[in-house]
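K.L.:
I'd like to ask some things about the structure below.
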Amino acid sequence: MTRAVPSDSSVAPGAERRLRLLSCNILAGGSVQRYREYVTRSISAVLPGRSKMDNLDRLAEVLPQFDVIGLQEADAGSLRSGFLNQTRYLAETAGMPFWSHQPNRPMARLAHSANGLISRMEPHAVLDYPLPSRIPGRGALLAQFGEGRDALAVMIAHLSLSAAARAQQLGFIAELLQDFPHAVLMGDLNTEPGSAEMARLFSKCSLQPPAQATPTFPSWKPRRALDHIITSPGIVLDKVWALPQAFSDHLPLAAEIRLPANVGRALSAPRQ
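Start counting the sequence shown at -5; every next residue gets the next number (our numbering).
In structure tokens:
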């Protein structure tokens, strides 16, 4: 975990803890506005460019509205990003205090995807887990805010395109989260909330199915709910919505949650 600047806010004793979460697949700063651009922009996708930086800067303007941000497909520093660690860039540009990332799938020096965490609170621990798959390269990043049963566990993941691989990966994630009374799973899970592999997740841990699906893909005409922020019963999920701004081929997914005051109480915390 890299610390940029100190946090100076706190939660009053006994107060309810409120957080705003954001999950965003950023496509390494790339912008896609129709399916054919996956082909027509295939060369620019592996080259750095001003448009990618402009896109990241637009996203950085939005991030201070949130307390914990999970990124997928952030570039960890390769040719396509101009060898820029995009998670760090977004955190520092947005003035967010803490960041960490989990590089997953390097492709020579052309592209290096990562999961990213940006936070207003300092985690007690950040753990990286490779996810099971026939083709290696997927991972999950687990941030723990606080310790023991009073910890808030936030897992950020980007799952495979194969349903069989996703079922394995969600089973693995369920095992990791089953001992946390207060858990959040957020990320591009590449599947709808009613799928068989999501049912497997809900059967193996306390995470709850969303009350309704929130379409996020494709960003120019959202029809599929592939991005998720799901929580355990100890967390009150007040609101889930997709941001109207498109920063990639997925719309960012946002949520407001409420926690018992004791959860993560030893940590500095966001504004109330």
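Virtual Cβ for every residue (Gly too), placed ideally from N, Cα, C.
If you're wondering where the values come from, they're calculated on a predicted model, not measured in any experiment.
Within the same chain, show all residues whose beta-carbon is closer than 7 Å to that of Ser38, passing over the 5 residues directly before and after it, in chain order.
P.N.:
Because the pLDDT of Ser38 is 48, which lies under 50, any placement of that residue in the model is unreliable, and the number read from its coordinates should be weighed accordingly. Cβ within range, chain order: n/a, list empty.
K.L.:
Around the C-beta of Leu253, are 16 or more other C-beta atoms found within 10 angstroms, so that it is buried, or is it exposed?
P.N.:
With 16 or more other Cβ atoms within 10 Å, it is buried.
K.L.:
Is any beta-carbon of chain D found at less than 8 Å from that of Glu191?
P.N.:
Absence of chain D from the displayed structure is noted, only one protein chain being present.
K.L.:
Going along the chain, which residues of its own chain have a beta-carbon closer than 7 Å to the beta-carbon of Phe166, five neighbours each way excluded?
P.N.:
Answer for Phe166: Leu125 and Pro126, listed in chain order.
K.L.:
So, for Ala145: in the same chain, excluding its five sequence neighbours on each side, which residues have a beta-carbon less than 8 Å away from its beta-carbon?
P.N.:
So the qualifying residues of the chain are His118, Gln138, Phe139, Phe174, His176, Val257 and Gly258.
K.L.:
Can you give, in chain order, each stretch of the beta strand (DSSP E) that sits fully within the region 165 to 253 and has at least 3 residues?
P.N.:
With a minimum length of 3 residues, the continuous beta strand (DSSP E) runs that stay inside the region 165 to 253 are 177 to 182, 221 to 225, 230 to 236 and 247 to 253.
K.L.:
In chain order, what residues of the same chain have a beta carbon less than 8 Å from the beta carbon of Leu153, not counting five sequence neighbours either side?
P.N.:
Answer for Leu153: Leu125, Arg132, Ala159, Arg160, Gln163, Leu164, Gly181, Asp182, Leu183, Asn184 and Thr185, listed in chain order.
K.L.:
Measure the C-alpha to C-alpha separation of Glu31 and Ala219 and round it to an integer number of angstroms.
P.N.:
Bear in mind that a pLDDT of 47 at Glu31, under 50, signals an unreliable position, so the model cannot answer this.
K.L.:
Below 8 Å on the Cβ atoms is my guess for Glu55 versus Phe92; work out the distance and round it to an integer in Å.
P.N.:
Not really, about 19 Å apart at Cβ, beyond 8 Å.
K.L.:
Following the continuous beta strand (DSSP E) through Ala88, name the residue where it begins and the one where it ends.
P.N.:
Segment Gln80 to Ala88 is the alpha helix (DSSP H) holding Ala88; no beta strand (DSSP E) there.
K.L.:
How many Å lie between Asn79 and Arg11 at the Cα?
P.N.:
C-alpha separation (whole angstroms): 31 Å.
K.L.:
Return the CA-CA distance between Leu170 and Pro212, expressed in angstroms with no decimal places.
P.N.:
The straight-line gap from Cα to Cα measures roughly 30 Å.
K.L.:
Would you tell me roughly how many angstroms separate the C-alpha atoms of Phe77 and Leu65, rounded to the nearest one?
P.N.:
Roughly 18 Å separates the two Cα atoms.
K.L.:
One question on the structure: do Cys199 and Ala157 come within less than 8 Å of each other, judged by their Cβ atoms?
P.N.:
No, the pair does not count as a contact, with Cβ atoms beyond the cut-off.
K.L.:
Can you check DSSP and say which residues form a bridge with Met149?
P.N.:
Leu136 and Leu179.
K.L.:
Given that a residue counts as buried once 16 or more other Cβ atoms are within 10 Å of its Cβ, and exposed if not, what is Ile129?
P.N.:
Looking at its Cβ environment, which holds fewer than 16 other Cβ atoms inside 10 Å, Ile129 is exposed.
K.L.:
Suppose you measure from the CA of Arg81 to the CA of Pro209; what does that come to, to the nearest Å?
P.N.:
The sequence as given places Thr at residue 81; Arg does not occur at that position. Between Thr81 and Pro209, the C-alpha separation is close to 25 Å.
K.L.:
Assuming Leu50 and Leu15 make a contact with CB atoms under 8 Å, what is their CB distance in whole Å?
P.N.:
Actually they are not in contact, since the Cβ atoms of Leu50 and Leu15 sit about 20 Å apart, beyond 8 Å.
K.L.:
Please name the residue or residues paired with Val62 in a DSSP beta bridge.
P.N.:
BP columns for Val62 point to Leu15 and Ser113.
K.L.:
Is Glu10 helix, strand or coil by DSSP?
P.N.:
Three-state result, Glu10: coil.
K.L.:
Based on DSSP bridge pairs, tell me the residues matched to Asp122.
P.N.:
In the DSSP output, where bridge partners are listed per residue, Asp122 has Leu135.
K.L.:
I believe Leu135 touches Gln96 by the beta-carbon criterion, under 8 Å. Please report the beta-carbon distance rounded to the nearest angstrom.
P.N.:
The Cβ separation is near 4 Å, so the contact holds.
K.L.:
I'd like to know whether the C-beta atoms of Asn19 and Ser242 end up nearer to each other than 8 Å.
P.N.:
Cβ distance < 8 Å, so Asn19 and Ser242 count as in contact.
K.L.:
For Glu67 and His244, what's the separation of their Cα atoms in angstroms?
P.N.:
Going from the Cα of Glu67 to the Cα of His244 covers about 11 Å.
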